[in-house]
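Counting from 1, one number per residue, gives the positions in the sequence shown under UniProt numbering. This report concerns only the one structure given below.
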Amino acid sequence: MVNTLASGAENPPAASGFGRREPREHVEMLAKFRRTVTSTTVMLKDLTRFGARIEGIEGLQTDEAVSLTLPGRRPGMAFVAWANAHCAGLEFADPLSDEDYAQLVAQYGLGGSA
């Protein structure tokens, strides 16, 4: 597996060997991000039922547990799947329901899957 921290890639490589469970939807939505005692607002740039790519936070470590609050939803736990100086990929501890996912994509989606 390629280390995205060392390579400086903004996204994990497509040929990482893991493949995606489902296509990503391009979105632009603000979300509340909490790490230990620090809270900040981040921008979600793509979303699946299983996770998201965020921008606006640095210094995250792979496998670190964080809290993410999506618009209109309760805070949920997520784990850092990969990170670099500009963005990070998060895997949700509990996947979004089909209904919540569809509503978020309808409201914040930019169209087209990645």
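Glycine included, each C-beta is placed from N, C-alpha and C at the ideal position. Because the structure is a prediction, the values reported are computed rather than measured.
Here the alpha carbon of Thr48 sits roughly 5 Å from the alpha carbon of Arg24. Comparing C-alpha distances from Val42 to each of Gln107, Leu60 and Ala31 shows the shortest one belongs to Ala31.
With distances taken between CA atoms, Thr69 lies nearest to Asp100 out of Asp63, Asp100 and Cys87. Here DSSP, grouped into helix, strand and coil, assigns Glu25 to strand. The beta carbon of Pro75 sits closer than 8 Å to the beta carbons of Lys32, Arg34, Ser67, Leu68 and Thr69 from its chain, once the five residues preceding and following it are set aside; these are given in chain order. Assignment of Glu91 by DSSP, reduced to helix, strand and coil, places it in the strand class. A residue is called buried when at least 16 other Cβ atoms come within 10 angstroms of its Cβ; Val27 meets this threshold and is buried. Under the three-state reduction of DSSP output, Leu68 falls in the strand class. The DSSP-derived three-state label of Glu55 is strand.
If you draw a 10 Å sphere on the C-beta of Leu60, you find 16 or more other C-beta atoms in it, and that means buried.
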